[in-house]
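Student: Here the protein sequences come in this chain order: A and B. Residue numbering for the first sequence follows our numbering, starting at 2 and increasing by one per position. Residue numbering for the second sequence follows our numbering, starting at 2 and increasing by one per position. The beta carbon of each residue, even a glycine, is placed where N, CA and C say it ideally should be. As the structure is a prediction and not an experimental result, all values here were calculated from the model.
Protein chains: 2
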Amino acid sequence: MEAVPQAVPLPLAFADGVFPAGCPSRTLLDHITSKWGVLILIALSEGEQRWSDLRRRAEGISEKMLAQTLKTLERDGLVSRNAQPVIPPRVDYSLTERGYELSGLLVPLVAWAFENAEDIINSSR
Amino acid sequence: MEAVPQAVPLPLAFADGVFPAGCPSRTLLDHITSKWGVLILIALSEGEQRWSDLRRRAEGISEKMLAQTLKTLERDGLVSRNAQPVIPPRVDYSLTERGYELSGLLVPLVAWAFENAEDIINSSR
DNA sequence: TCACTAGCTTACCTAAAGGTCAGTACCTTA
DNA sequence: TAAGGTACTGACCTTTAGGTAAGCTAGTGA
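What follows is the structure, encoded as structure tokens:
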């Protein structure tokens, strides 16, 4: 495991101090990178899905956390909710334009994690 | 806030179920997307830095969390630690090759968050 | 002799994230 | 008549992430 001397250029905005402590980006980043936030965004990057689909796809999520996470992402304007007044209820969730912008950056990251995870986690203990 | 009908193609690997619950990628993702993990990786993407530099750049981090986060990232082979046997001690941290690979994906994400955060967080309450 | 440095570790505690389970509304199917 | 599906909410409890503060090491400068 050798150190490598190159550096990825950083946006000047956070060249010093990464970014300040009370900064809104910290909050947004917390929403996006929360345990279930990532998974929901990734799942939705494939297109509109129902509540029950999301429950299955984000394996292990509780209904409480699904509701909470979706609400946060909706408030942030990343996810849009479409409820149809039918019985039994049917609610579809999808990414907004902004959500797709984000998922375009998130998918490669998660894909990388997926590809490297076994190697990394198993060899690190 | 309109829904948009396009979809980002997902790696087939997690086309179904995003990825399984006990999967190593969940663990790795937790390390990477932890509150301080992201910031440390971003800070190091600019190049080697000392302990005390990192403390300053990741504004608000406690010594305990800095140590813990660095250890995790080191165990995962993303960060390398170079301690010089001098007094007072001097320890440099840098990204490994794998760490740079990752930070190349992480930086655009964080930059996006930085650019959109104010807009999103302020208008969502 | 004392304080001061940098890079930690440890013990203790709090706050927040998250889990479990029960309940609800309304209709359909067995 | 009873059970089941769907999309939730709320109460309550546990687990974990993270904060605070003190201590340690081994030298150097005052």
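1) Given L45 (chain A), which residues of its chain have a CB within under 8 Å of its CB, disregarding the five upstream and five downstream residues?
2) Which term fits I88 (chain B), buried or exposed, when burial requires 16 or more other beta carbons within 10 angstroms of its beta carbon?
3) Taking 6 Å as the limit between beta carbons, can you name the residues of its chain near A84 (chain B), skipping five residues before and five after?
4) Are the segment 106 to 125 of chain A and the segment 67 to 80 of chain A touching by the rule of at least three beta carbon pairs closer than 8 Å?
5) From the DSSP output, read off the bridge partner residues of R82 (chain B).
6) Under 8 Å between C-beta atoms, does A84 (chain A) make it to chain B?
7) Can you find a C-beta in chain A that's less than 8 Å from the C-beta of V92 (chain B)?
8) So, does the segment 22 to 38 of chain B touch the segment 115 to 124 of chain A, judging by three or more C-beta pairs under 8 Å?
9) So, under 8 Å CB-CB, I41 (chain B) and A59 (chain B) are touching, yes? Tell me the CB distance rounded to an integer number of Å.
10) Can you name the start and end residues of the alpha helix (DSSP H) that G38 (chain A) belongs to?
11) With distance defined between alpha-carbon atoms, name the residue in B:P25, B:S53 and B:E64 nearest to S124 (chain A).
12) Applying the criterion that 16 or more other CB atoms from any shown protein chain within 10 Å of the CB defines a buried residue, is W113 (chain A) buried or exposed?
13) Comparing the C-beta of W37 (chain A) with each C-beta of chain B, is any distance below 8 Å?
Tutor: Based on what the coordinates show:
1) Once the five neighbours on either side are set aside, the close Cβ partners of L45 (chain A) are L55, V80, Y94, S95, L96, G100 and S104.
2) By the Cβ neighbour-count rule, I88 (chain B) is exposed, with fewer than 16 other Cβ atoms within 10 Å of its own.
3) Close CB contacts of A84 (chain B) within its chain, under the 6 Å cut and outside five residues either way in sequence, are with V92 (chain order).
4) No contact exists between the segment 106 to 125 of chain A and the segment 67 to 80 of chain A.
5) Answer by DSSP bridge pairing, in chain order: B:Y94.
6) Using a CB distance cut-off of 8 Å, A84 (chain A) does not count as an interface residue toward chain B.
7) Not one chain A Cβ lies under 8 Å of V92 (chain B).
8) They touch, by the three-pair rule.
9) Right, their Cβ atoms sit about 6 Å apart.
10) That run of the alpha helix (DSSP H) goes K36 to L45.
11) It is B:P25.
12) Buried: at least 16 other Cβ atoms inside 10 Å.
13) It does not; no Cβ of chain B falls within 8 Å.
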